[in-house]
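S.K.:
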Amino acid sequence: MLLRGTRVRALGLLPPQRLGLWASAARGGFFPGSEQTTSHEQTFNSCSLHQFSLSFFLFCFYIKHLIRNPMAYNAQRSSRYASAVLNLLHVPECILRRPTPSLNHPPVSPALKPGRDPPNRCYGPSFATVFRKNQSVGQSPKEVSFFPQARKLENYIPLADTLRAKGYEVQMDALIVRALGAWDPCNERVLRTCGIGRRYARLMRRLMVSDTIRRSRDIYIEHITGHRQYQEVKFELYSMAWNLKEDLRDCLVAAAPYGGPIALLKNNLRKEKSPGSRPLLEIYSASGVPLASVLWKSGQVVQLGWTASEDLLCIQEDGTVLIYNLFCEFKRHFSMGNEVLQNHVREAKVFHTEYGTGVAILTGAHRFSLTTNIDNLKLRRMPEVPGLQKLPSCWAVLSQDRVTIILLAVGQDLYLLDNTSCSVVTPPGISPHAGAYVQMAVSFNYCYLALFTDTGSIWMGTSSLKEKLGEFSCDFRAPPRQMVWAGSAGSWRHAAELWILSGERRFVLDEDSYLVPELDGVRIFSRTTHEFLHEIPEASEEIFKIASMAPGALLLEAQREYEKESQKADEYLREIKDQNLLSEAARQCIEAAGYEHEPETQKSLLRAASFGKCFLDKFSPESFVRTCRDLRVLNAIRDYQIGIPLTFAQCCRYKQLTIEVLLDRLVLRRLYPLAIKICEYLRLSEFQGVSRILAHWACYKVQQKDKSDEEVAHAVNQKLGDTPGISYSEIAARAYDCGRTELAIKLLEYEPRSGEQVPLLLKMKKSQLALNKAIESGDTDLVYTVVLHLKNELNRGTFFMTLQKQPVALSLYRQFCKHQELETLKDLYNQDDDHQELGNFHVRSSYSSEKRIEGRVAALQNAVDEYYKAKNEFAAKTEKPEGVFKVTMLPGDGVGPELMHSVKEVFKAAGVPVEFDEHHLSEVQNMASELKLDEVVDSMKESKVAIIGKIHTPMEYKGELASYDMRLRRKLDLFANVVHVNSLPGYKTRHNNLDLVIIREQTEGEYSSLEHESVKGVIECLKIITRDKSQRIAKFAFDYATKKGRSKVTAVHKANIMKLGDGLFLQCCEEVAELYPKIKFDTMIIDNCCMQLVQDPHQFDVLVMPNLYGNIIDNLAAGLVGGAGVVPGESYSAEYAVFEMGARHPFAQAVGRNIANPTAMLLSAANMLRHLNLEHHSNMISDAVKRVIKVGKVRTRDMGGYSTTSDFIKSVIDNLHPHYGV
């Protein structure tokens, strides 16, 4: 096919004596010769409406009776009617006219009828005509069978003879089509132009009694040859819904084969840089339904193309190839080589081979590079063309014998580039006057090649350039804008007269169009329509040709007559059975149904086949059932909203698209319900059908960010359940790739196979969880895999500590070490202080490893020492005193150790039954490591309570974003931080009698440690807000208010700016507030809240807020009552409680000077005792602290005094005396 301007030319080849050139009017119909023919509107202006109406009525009356009662008129009466009709219609001017001779219309071969002059053509007023073989001319009525269908032709002879007498050629079996074809009541344009009223339209509907006639008139075109004709049908697939304002020639266009999507890149050639003129990438279905669009923000695009899996390739001039999915979501990119950066890509092509989808480029240096598979990228730089100084006029990619080569044209020379060489080739048999090559096209299956020259010559042959198939000239010389092959399924050698051998045909289009080559035809779409041009199958031709006597045609008529309860059905059926062709008739109807696109026509043919099968004893129903099944699926996906116009040939005949591939295409479009329905209809196994679809749906579901991890995991599990073939680990892997680690972990809980869970957990660096899953599986090999992975990943100390928590893993690793690593086994015993096992180890080594007597004695002596230590250790074990609470202590940095010393002194003086398990964790003092952090966590798991100082976080970036303080809070899930801001009696501030509580969520928000440098000099920090944690902190705040008897909760936010993040937090607070109707709830923006706290803090009771806001408000509120040294704080999780200072400040300037204020730490310690139900001791300490402050004689410098820390502690202890010893 050639696309040039607004013309589409179907190119093919006939033997020289049968070569014909034909053209199509832009407004419908087909006619030969030049385009200067008078239009049908002008024709009908020559006759009055009254004369036309009378003439048309008489003509229709005549045709009506011919069709309905072919035996009613004899030849003489028919001749009179024909003469009357022709006289009234003014045949030479109105209906029939001789075409103007043209060089583009050579006479038809005289082989039809020896001795006859070259015949003229016969046309109706709208130039709609059907050319068929002149089967009836020259036959007398006696020579025609008396079968009713044939009798119709006999009665048309008088009218035909009259027409011939006027000098016109008449083909008998097309006569009725010529007569009625111009007056199709469905053609509104013709009716409107000719002024036909409703009365005559109704009359025409009654006259158009035969679907066969209507179909034959509309779609069949045939040149007259001595063999079976090559025929084409062009029909409309869709009326496009995209409402394009631009012409297709102004856009970069790419359409995927097999009814695939269409991509348009608009404004690609504009040079303006304003945002409004940026290129716009849009993707549509084949019916024009929008799928996605995105503003193009990358480089200049040279070419678009589609992969076999319907991914869009965007080839830029810098050699970068960007890959997008159907919904314009970026997937990945690759480069076509560094040398392209300097020379740029001038032209590019996307091609498909058995290796996959490939890309070939032509650079400004006149060099070619290609890759045959973008999924396994291997770039090949093709040899240089000698003496090439300019870009080739045209080039194409060929695939021969599993080798990809490039054919290019430079003037009149053709060059073939393979992996190693460049060779000059010459097409066999090409005319020496053909001229320079300006365009070339390769068939869909790379078997055939067409070359177009600047003289208008077209050479066609095999792509190997070893055989010529034909050569002819056309009436234009300018290079066509697009030239494609209309299919490649036929065989040139065995079906030359069937396929693409019709010379040149022109289909003049109303608007700019684009051609998409397909396996069995070519798709043609424009701004308004999408059409398909393809070969008419033999079965359809035999059934629907005029006055066909084929078994399938007779069976179709028999079934229709049967539905009318007419006795003619028996006559038709008897005729078929007498010739033993009933089985062939059913086969023809089934085959023809598969190639029809209209469901009603499909049903009609299948009903006929089913009707015929009833009279057959032995007829396999397999083909009938398979065709019905396939057509139902094809009709479903051809729907306008789906927009996948696959043909029966593509999907079923040539088996190019299997049902699995079709389902994948539906799944890629996210048409999950339709895909599942097709699976159920075809009764595919769950593993082959539904499971794959649900798995893809789940992978798409986990990428949606609008729902929480818990909701998504629940929805996925509810939909998938225990469906066979579903791998939750694959879905979890997709969630992890999307950055949803917690969701991935939740999904892995549904995975029944531990062997599938463990690899992903290791990839997610969830080593502890992976080890747990491996142990639960009972698979020792899997446990060994995890243990060895941990050994390579962790340092030696952390690795041993991890094994200590898993006795099964430790035991298996010890067994491994006994055979493979004896020294490691010794280190394990030393790590555990297992002196008993160490003694056993030395005993074994004394006789297994040591050869010399001295070494054995030394080993035995070591064993004695270890046994002695084990004995002493056992004897030294004593039970702890009853009623003593163990508390984890982290002194922290700055003045933290001094304040912890103060707490110990006060606890000792007050007789508090608490034992401190002290650990040191400091990034400043290089006392922080994962091992120490794990020790703290282990201590917390035992004690459940901790008191900590400020763990200072350096500002310098040392490769880890999360501080140890943040890691500790995440490991313990300390989600709620509570700071009670309370005015101290006796210490005056600007606002007295303050009593408010600040609650903040401290495991996410801005402190999520998710930062990265997207480009040089641009840092992105991510703020994480989740529904689960927002609801949890909101519920904690309302529960706290309820328990403490408070009446109001205020949610602090910035939802007016961060509408999604803070908006979600605010929404969760509002939802939780509805569950506590007795507590007043209001909201406040963070900046306003800061101002209100300074101006009127008494309006607040309980405040709840995200992480960063809480950190700021904590310190601000502390300043209202005396500073960071007087406000206590605490953090809670579901299991643990940590007590600390409310305003986290290390007081580095006070280190070692004995001037730090211990009030906040002592009040926090008192709160801790209250948490341990030691109310007496808690009140004793808090009352003593407040009494010292109220008296005012001993105050530290931050409170306006001059006392030291020691003075303050001594005063507190002195105030304990009334209670001391109690």
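Residue numbers for the sequence shown, in UniProt numbering: 1 to 1222.
Heads up, the beta-carbon is just placed ideally off N, CA and C, and yes, glycines get one too.
Quick check on the DSSP output: what are the complete alpha helix (DSSP H) runs of length 4 or more inside the stretch 762-838, in order along the chain?
M.R.: 767-777, 780-793, 796-804, 807-820 and 822-832
S.K.: Counting Cβ pairs, one atom from each stretch, are 3 or more of them under 8 Å apart for the stretch 645-664 and the stretch 246-255?
M.R.: no
S.K.: Can you list, in chain order, the stretches of the alpha helix (DSSP H) that have 4 or more residues and sit fully within the stretch 305-392?
M.R.: 340-343
S.K.: Exposed or buried, valine 190, counting other C-beta atoms within 10 Å across all chains shown (16 or more means buried)?
M.R.: The predicted model places valine 190 with a pLDDT of 39, which falls under 50 and marks its position as unreliable, so this point remains unresolved.
S.K.: Would you check if the distance between the CB atom of isoleucine 315 and the CB atom of valine 302 is smaller than 7 Å?
M.R.: yes
S.K.: Taking the DSSP output, what are the residues bridged to arginine 523?
M.R.: Val516 and Phe532
S.K.: Return the Cβ separation of glutamate 542 and alanine 550 in integer angstroms, given the expectation that the two are a contact with Cβ distance under 8 Å.
M.R.: 4 Å
S.K.: Classify glycine 429 as buried or exposed, calling it buried when 16 or more other Cβ atoms lie within 10 Å of its own Cβ.
M.R.: exposed
S.K.: Measure the alpha-carbon distance for glycine 949 versus leucine 968 and round it to whole angstroms.
M.R.: Distance from the CA atom of glycine 949 to the CA atom of leucine 968, rounded to whole angstroms, is 13 Å.
S.K.: By Cβ distance below 7 Å, which residues in the same chain neighbour tyrosine 987 in space, the five residues on each side in sequence not counted?
M.R.: Gly1122, Ile1189 and Met1199
S.K.: Label valine 403 either buried or exposed according to how many other C-beta atoms from any shown protein chain fall within 10 Å of its C-beta, with 16 as the threshold for buried.
M.R.: exposed
S.K.: Check glutamate 930 in the structure and name its three-state DSSP category.
M.R.: helix
S.K.: Taking all protein chains shown into account, decide if asparagine 1056 is buried (16 or more other Cβ within 10 angstroms of its Cβ) or exposed.
M.R.: Under this definition asparagine 1056 is an exposed residue.
S.K.: Closer than 7 Å by C-beta to alanine 809: which residues in its own chain qualify, once you throw out the five before and the five after it? Chain order, please.
M.R.: Residues of the same chain with a CB within less than 7 Å of the CB of alanine 809, apart from the 5 flanking positions on each side, are Leu771, Ile775, Val783, Val787 and Leu803 in chain order.
S.K.: Within this structure, are the beta carbons of alanine 609 and phenylalanine 624 separated by less than 7 Å?
M.R.: yes
S.K.: Measure the beta-carbon distance from aspartate 630 to phenylalanine 648 and round it to whole angstroms, keeping in mind my assumption that it falls under 8 Å.
M.R.: 7 Å
S.K.: Short of 7 Å in beta carbon distance, which residues of its chain neighbour asparagine 992, apart from the five on each side in sequence? Order them along the chain.
M.R.: Excluding sequence neighbours, asparagine 992 sits near Ser983.
S.K.: So does the stretch 292-307 actually touch the stretch 315-324, counting three or more Cβ pairs closer than 8 Å?
M.R.: yes
S.K.: Just to confirm, are alanine 569 and tyrosine 562 a CB contact at a threshold of 7 Å?
M.R.: yes
S.K.: Taking threonine 1196 as part of the alpha helix (DSSP H), name the residues at either end of that continuous run.
M.R.: Where threonine 1196 is concerned, there is no enclosing alpha helix (DSSP H), given that its DSSP letter is neither H nor E.
S.K.: From isoleucine 536 to glycine 721, what distance separates their C-alpha atoms?
M.R.: 48 Å
S.K.: My output table needs one value for asparagine 977: the three-state DSSP class, helix, strand or coil.
M.R.: strand
S.K.: Is cysteine 394 helix, strand or coil when you go by DSSP?
M.R.: Under the three-state reduction of DSSP output, cysteine 394 falls in the strand class.
S.K.: Is the beta carbon of valine 702 less than 7 Å from the beta carbon of glycine 894?
M.R.: no
S.K.: For histidine 952, does the count of other Cβ atoms within 10 angstroms reach 16, so buried, or fall short, so exposed?
M.R.: Its Cβ being crowded by 16 or more others within 10 Å, histidine 952 is buried.
S.K.: What does the Cβ neighbour count give for aspartate 375, buried or exposed, with the cut at 16 atoms within 10 Å?
M.R.: exposed
S.K.: Have a look at Ala1034, Thr780 and Arg278 and flag the residue whose alpha-carbon is nearest the alpha-carbon of methionine 1072.
M.R.: Correcting the residue type first, residue 1072 is valine in the shown sequence and not methionine. Selected option, being the one with the closest Cα: Ala1034.
S.K.: Run through DSSP, which three-state label would valine 1185 get?
M.R.: helix
S.K.: Work out the CA separation of glycine 260 and threonine 363 for me, nearest whole Å.
M.R.: 29 Å
S.K.: Ordered along the chain, which non-local residues of its own chain (more than five positions away) have a Cβ less than 6 Å from that of arginine 734?
M.R.: Answer for arginine 734: Cys699 and Val702, listed in chain order.
S.K.: Is it true that the stretch 1113-1120 meets the stretch 992-1004, where meeting means three or more beta-carbon pairs spaced less than 8 Å apart?
M.R.: Judged by Cβ distances under 8 Å, the stretch 1113-1120 makes contact with the stretch 992-1004, as three or more pairs qualify.
S.K.: Within the stretch 1052-1121, note down every full beta strand (DSSP E) run reaching 3 residues or more, in order along the chain.
M.R.: 1080-1085 and 1102-1105
S.K.: Using C-beta distances below 7 Å, list every residue in its chain close to glutamate 310, excluding the 5 sequence neighbours before and after it, in chain order.
M.R.: Residues of the same chain with a CB within less than 7 Å of the CB of glutamate 310, apart from the 5 flanking positions on each side, are Ala256, Gly260, Pro261, Leu326, Arg665 and Leu668 in chain order.
S.K.: Provide the residue(s) that pair with histidine 1012 in DSSP beta bridges, ordered along the chain.
M.R.: Glu1020
S.K.: DSSP state of asparagine 862, grouped into three classes?
M.R.: Asparagine 862 carries a helical assignment under DSSP once its states are collapsed to helix, strand and coil.
S.K.: Using a C-beta cutoff of 7 Å, does aspartate 934 count as contacting chain B?
M.R.: Within the model displayed, chain B is absent; a lone protein chain is all it includes.
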